Structure formats: structure tokens, C-alpha cells
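Q:
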Amino acid sequence: TLSDRLSGVFTNLRGKGRLSDADIDATAREIRIALLEADVALPVVRQFIARIKERAGGAEVSKALNPAQQVIKIVNEELVAILGGETRRLQYAKQPPTVIMLAGLQGAGKTTLAGKLARWLRDQGHTPLLVACDLQRPNAVNQLQVVGERAGVQTYAPEPGNGVGDPVRVARDSIDFARRAQHDMVVVDTAGRLGIDAEMMQQAADIRAAVDPQEVLFVVDAMVGQDAVNTAQAFQDGVGFTGVVLTKLDGDARGGAALSVREVTGQPIMFASNGEKLEDFDVFHPDRMASRILGMGDMLTLIEQAERHFDQDEAERMAAKLTAGNQFTLEDFLDQLQAIRRMGPIGNLLGMMPGMGQMKDALAQVDDKDLDRTAAIIRGMTPAERENPKIINGSRRLRIATGSGVKVSDVNQLVDRFFEARKMMGQLGGMGLPGMRKRSAT
Ligand code: GDP
Ligand code: MG
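Going by the UniProt record's numbering, the sequence shown opens with residue 4, and the numbers climb by one from there.
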């Protein structure tokens with residue numbers, strides 16, 4: 004799996020200022036493979052990876068996550084955003100009936116979906132009518148009627164035995180019928196071909212023109228993978244659609260088709276079908292699909308937990324130290340500088356406290372270079388010096404400066420800044436701010 008591969012790529016790289024290009028490249032390579040294995044179309048993969056690299060390049064290293072986890076987190080966020088950025092509800096007509104037309108290749112699952120959709124709508128108090136406009140296959144009308152009976156909704160179909168019917172006319176007539184019979188919604192099932200062909204596209208386009216639907220849902224089999232892109236494009240050009248339904252998600256498909264179709268057509272995925280039964284149907288969940296595409300639901304859970312624990316531990320630890328200024332060490336100081344640069348928990352904590360805005364500003368002024376130098380100086384100290392900076396006398400300062408390649412004045416400045424910060428901490432603790440100790444009590 005992807006998580007196995009990734010854990011092989013990274014050792015623990017915590018504490019670096021930023022993700023290195025090599026870290027990002029290595030992770031991007033693995034994610035690229037995962038996306039291709041999930042059957043995401045190549046051009047979509049390329050675009051997506053480029054976007055990820057750009058975002059990851061600017062990201063600060065998180066203390067809670069290793070670089071691989073951090074990039075995956077970004078990838079997951081992007082995937083969820085793309086898959087669900089514009090998730091929206093069905094659009095309803097101002098004057099009923101609301102018309103939903105289904106389009107897609109034969110076998111995609113349109114007729115099955117028609118039943119599921121009708122049942123789902125019925126459960127919400129609507130009175131849907133199913134309309135059989137697939138007059139291509141001899142058994143198609145009957146199939147829809149069976150589905151409709153199971154769903155407990157009425158089906159509108161042409162009289163049998165009249166030779167080849169005209170699906171456009173059936174569609175048009177069905178709207179009149181729905182209006183008279185007080186159906187507030189109409190679901191139009193259409194014919195599909197095994198491949199894309201001009202005649203079928205024209206028929207679907209004619210039906211669309213005749214019934215002027217609020218929604219045209221492009222139904223696509225998630226198992227088809229790469230082909231989904233071409234098919235979606237053809238339907239987009241030939242008929243046009245307002246939303247996508249993925250079917251057969253109960254199969255072993257990784258769901259890359261979802262990402263491809265979404266990216267290529269820009270239309271939202273609205274529903275998902277995952278079985279042959281009426282109830283195997285749901286609105287589309289971008290987060291589930293993202294973890295399916297990445298194949299790493301467990302890893303994502305771990306990432307979430309790691310972050311939550313880290314934030315909480317850190318906040319508790321710091322809150323305790325803040326109330327007792329003299330326990331505040333140079334290690335903490337460095338942590339804080341980094342935290343504030345990340346605008347992490349401590350940065351926010353300080354910012355929210357009365358009178359601390361100033362200090363936050365002072366600390367926030369350190370730029371990345373400054374931060375690196377500060378980190379280098381502190382790392383050049385012995386553990387005893389970091390714990391108890393009072394012992395850092397002149398000869399120690401010289402040793403530290405030489406060891407970390409800075410001037411003695413830099414070390415002086417750092418130590419001064421530290422004591423100043425600690426004094427503020429002490430005052431803050433003395434103020435007995437409400438809530439400061441609360442967290443550690445839980
Ligand atoms: P249509 O030609 O687009 O109308 O497709 P159908 O609705 O007739 O479905 C084609 C086949 O796929 C049928 O055997 C359905 O039972 C099956 N099918 C449809 N949706 C799903 C699904 O979500 N999961 C599974 N496993 N089978 C499905
Ligand atoms: Mg059908």
C-alpha cells in the first residue's frame with residue numbers, strides 16, 4: 004500500500020525548517036503511483052501533483068507529523084477539496100415538476116439508479132415519476148417498471164407493441180402527465196450505447212431540449228477507470244450535464260474515475276451507487292473517496308490523531324510553563340519561536356491573551372534565517388545550558404558562538420531576548436490568568 008511504500012521513503016526528519024525538495028519529490032513520486040493505480044487519468048495526475056508540490060514547498064514542517072505524513076495531509080485536503088469543493092444539492096424547479104434526466108453509456112447503471120433516486124426522493128416526501136425513454140432495448144421499459152414497483156413509485160411508459168416509439172415524445176408527454184397527476188419530480192431514464200455514438204448523443208440532446216431538466220446527471224461506472232474521461236468529455240460536449248453519479252463503487256475500483264471526471268468536466272459528483280439493491284445509494288462523500296483513491300484510510304486517521312494529540316499536549320505543557328516563568332527554558336523558547344512562525348497553538352494562545360499582543364509581535368518579527376540561526380545557537384548549547392541559561396557566562400558564550408558559527412554578539416542578543424521573554428512569562432503567570440491551569444486539570 005501507499006503507506007508502506009512511504010514509510011520506506013522517510014526516516015524521521017522532524018525539526019527541519021521546511022520540507023526539502025527531495026522530501027517532496029520522493030513523496031510526490033509515491034502519490035503519483037497511487038493515483039495512477041487508482042486509475043486517475045495521466046494529465047489529471049500531472050496537474051494534481053504539480054499543485055501538491057507547489058503547496059508542499061511552502062509548508063512549514065509540522066512537529067506533529069513527519070514530512071511524508073505532512074505531504075499526505077496536503078494531498079488529502081486537496082483531493083477532498085477537488086472532489087467536493089462544489090458539492091451541492093439538487094436544484095429544484097420553481098414550478099413543479101422538477102425534472103432529472105439520466106445519461107450515460109449502456110450498463111453504466113442508469114436504470115438501477117433511477118429506482119434508487121426515486122426511492123430516495125420518495126423518502127424525503129416527494130412524489131417522483133419514473134419515465135422510460137430507453138426504447139432501444141426490448142426489455143428496457145419493463146426493467147424500469149420493475150425497478151419502479153420495487154421503489155414504490157409510478158412509472159410512465161409508452162404503450163407496448165406499437166413498434167419503435169419516439170423517446171423524445173415520450174419524454175415530453177411525461178411532463179404533462181406528471182403535472183396533471185401531481186408528481187413534483189420526474190426522473191427520466193434514457194438509452195445508452197456500448198460506445199459513444201452520434202445518434203445516441205443526438206437523442207439524449209433532443210430529450211434534454213424537450214424536457215428542459217433542472218439536472219442532467221451523467222452516470223458513470225467507477226470500474227471503467229481511464230475511459231471515464233473520454234466518455235465524460237463526449238457527454239459534456241454532446242448533451243451537457245450538471246452533475247455526476249458514480250456507480251459500482253462496491254467493486255474493487257479505486258475510484259480514480261471520480262477525480263478524473265470531476266477535474267476534466269468541472270461538474271460536481273452528486274451521488275454514489277454501491278450495489279444492486281435500492282438502498283445501496285448515498286449522496287457523494289468526498290472524504291471517503293479521497294481516502295479510497297489514496298488507499299490509506301488508516302494513515303489518515305493516524306495523521307489526525309497525531310495532530311490532535313500534539314496540539315493538546317503542547318498547549319497543556321506550555322500553559323503550565325507559562326504560569327511558572329522560571330521553568331521556561333531555551334528549548335521552550337525555540338519551540339515557541341517556531342510555533343509562532345507556524346501560527347500554531349502557542350502563537351494563537353499568546354495572541355489571545357491581554358497584553359501579549361506586543362510580545363507576539365516581537366517574536367513574530369524573527370524571519371526564517373533568524374530562526375535558523377537561533378536554532379543553531381541553541382543547539383550549540385549543552386543540555387544544562389538550555390535548561391538553566393543563567394550559567395551561560397562569557398567563556399560559554401564564546402564556545403557557543405564558535406560552535407554554531409555566529410558572533411558572540413548574536414549569542415548575547417539571543418540570551419537577552421530569552422530572559423526578556425521569560426520575564427514576561429513570569430508576569431503573565433503572576434497575573435493568574437483565568438483558564439491557564441484548566442487544561443492540565445482534565
Ligand atoms: P443502464 O444500462 O445504464 O440502465 O444500467 P443498468 O441500471 O441496467 O445496470 C447495469 C448492470 O449493472 C445491472 O446488472 C445492474 O444490476 C448493475 N448495477 C448497477 N448499479 C450497480 C452498482 O452500484 N453496483 C453493482 N454491483 N452493480 C450495479
Ligand atoms: Mg437502462
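Even for Gly, the Cβ is constructed at its ideal location relative to N, Cα and C. Every value quoted in this text rests on a predicted model; they were computed, and no experiment measured them.
1) Beta carbon of Ala143: closer than 7 Å to some heavy atom of the ligand MG?
2) From the DSSP output, in three-state form, read off Met384 for me.
3) Determine the direct distance from the alpha carbon of Glu334 to that of Arg382, and round the result to whole angstroms.
4) When the Cα atoms are used, what is the spatial distance from Leu38 to Asp200?
5) Per DSSP, what kind of secondary structure is Phe331 in: helix, strand or coil?
6) DSSP state of Ala275, grouped into three classes?
7) Would Phe422 be called buried (16 or more neighbouring beta carbons within 10 Å of its own) or exposed?
8) Return yes when at least one heavy atom of the ligand HEM lies under 7 Å from the C-beta of Asp283, else no.
9) Using 8 Å as the threshold, is the C-beta distance between Val414 and Ile380 below it?
10) Check whether the region 170-177 and the region 129-147 touch, using three or more Cβ-Cβ pairs below 8 Å as the test.
11) When DSSP labels each residue in this structure, what does Pro170 get in the three-state scheme?
12) According to DSSP, is Ala106 helix, strand or coil?
13) Sort out for me which residues DSSP pairs Thr193 with in a bridge.
14) Are the CB atoms of Ala235 and Val223 within a distance shorter than 8 Å?
15) So Gly258 packs on Ala96, CB below 8 Å; how close in whole Å?
16) For a test of the three-state rule: what should DSSP assign to Val78, helix, strand or coil?
17) Expressed to the nearest angstrom, what Euclidean distance is found between the alpha-carbon atoms of Ala194 and Val214?
18) Which partner residues does Met188 have in the DSSP bridge list?
19) Can you tell me the Cα-Cα spacing of Ala237 and Gly151, whole angstroms?
20) Note down, in chain order, each residue of its chain lying with its Cβ closer than 6 Å to the Cβ of Ile75, except the 5 sequence neighbours on either side.
21) Between which two residues does the alpha helix (DSSP H) harbouring Phe287 extend?
22) Are the region 202-212 and the region 239-248 touching by the rule of at least three beta carbon pairs closer than 8 Å?
23) So what's Asp28 in DSSP terms, helix, strand or just coil?
24) Looking only at DSSP bridge pairs, what is Phe221 linked to?
25) To the nearest angstrom, how far is the alpha carbon of Val191 from that of Met273?
26) Mark Thr268 as exposed unless 16 or more other C-beta atoms lie within 10 angstroms of its C-beta, in which case mark it buried.
27) Residue range of the alpha helix (DSSP H) that Gln157 falls in?
28) In whole angstroms, give me the CA-to-CA distance for Ser294 and Gly61.
A: Let's see:
1) The residue labelled residue 143 in the question sits at position 140 within the sequence shown. Yes, Cβ of Ala143 sits closer than 7 Å to a heavy atom of the ligand MG.
2) The residue labelled residue 384 in the question sits at position 381 within the sequence shown. Coil at Met384, not helix or strand.
3) Residue mapping note: residue 382 aligns to position 379 of the sequence shown, counting from 1. Residue mapping note: residue 334 aligns to position 331 of the sequence shown, counting from 1. Each residue's Cα considered, the two are about 9 Å apart.
4) The residue given as residue 38 occupies position 35 in the sequence shown. The residue given as residue 200 occupies position 197 in the sequence shown. Going from the Cα of Leu38 to the Cα of Asp200 covers about 30 Å.
5) The residue given as residue 331 occupies position 328 in the sequence shown. In this structure, Phe331 counts as coil in the three-state DSSP scheme.
6) If you number the sequence shown from 1, residue 275 lands on position 272. Correct three-state label for Ala275: strand.
7) Taking the sequence shown and counting its residues from 1, one reaches residue 422 at position 419. Looking at its Cβ environment, which holds fewer than 16 other Cβ atoms inside 10 Å, Phe422 is exposed.
8) The ligand HEM is not among the ligands present in this structure, which contains only the ligand GDP and the ligand MG.
9) Numbered from its first residue, the sequence shown carries residue 414 at position 411. Numbered from its first residue, the sequence shown carries residue 380 at position 377. Yes.
10) yes
11) Counting from one through the sequence shown, the residue named residue 170 turns up at place 167. Of the three classes helix, strand and coil, the one that applies to Pro170 here is helix, per DSSP.
12) In the sequence shown, the residue the question calls residue 106 occupies position 103. Of the three classes helix, strand and coil, the one that applies to Ala106 here is strand, per DSSP.
13) For the purposes of this step, residue 193 is taken as the residue at position 190 of the sequence shown. Paired residues: Cys136.
14) Working through the sequence shown from its first residue, we reach residue 223 at position 220. Working through the sequence shown from its first residue, we reach residue 235 at position 232. For Val223 and Ala235, yes; Cβs fall inside 8 Å.
15) As a first step, residue 258 must be located in the sequence shown, where it is residue number 255. As a first step, residue 96 must be located in the sequence shown, where it is residue number 93. With 8 Å as the limit, Gly258 and Ala96 do not qualify as a contact, their Cβ atoms being about 32 Å apart.
16) Position 75 of the sequence shown holds residue 78. Three-state DSSP puts Val78 in a helix.
17) Here residue 194 refers to the residue found at position 191 when the sequence shown is read from its first residue. Here residue 214 refers to the residue found at position 211 when the sequence shown is read from its first residue. One C-alpha to the other measures close to 16 Å.
18) Start at 1 with the first residue of the sequence shown, and residue 188 comes out as number 185. Paired residues: Thr101 and Pro131.
19) Translated into positions along the sequence shown, residue 237 becomes position 234. Translated into positions along the sequence shown, residue 151 becomes position 148. Cα-Cα distance, rounded: 29 Å.
20) Here residue 75 corresponds to residue number 72 of the sequence shown, with the count starting at 1. Cβ neighbours of Ile75 beyond the five flanking positions: none.
21) Here the question's residue 287 lines up with position 284 in the sequence shown. Premise fails: Phe287 is in no alpha helix (DSSP H) and is neither H nor E.
22) yes
23) Here residue 28 refers to the residue found at position 25 of the sequence shown. If DSSP states are grouped into helix, strand and coil, Asp28 belongs with the helices.
24) Translated into the one-based positions of the sequence shown, residue 221 becomes position 218. BP columns for Phe221 point to Ala106 and Val247.
25) In the sequence shown, the residue the question calls residue 191 occupies position 188. In the sequence shown, the residue the question calls residue 273 occupies position 270. Those two C-alpha atoms are separated by around 17 Å.
26) Residue 268 sits at position 265 when you count from the first residue of the sequence shown. Under this definition Thr268 is a buried residue.
27) Translated into positions along the sequence shown, residue 157 becomes position 154. Careful: Gln157 lies outside any alpha helix (DSSP H), inside the beta strand (DSSP E) at Gln157 to Tyr159.
28) By one-based count along the sequence shown, residue 294 stands at place 291. By one-based count along the sequence shown, residue 61 stands at place 58. Going by the C-alpha atoms only, they are around 24 Å apart.
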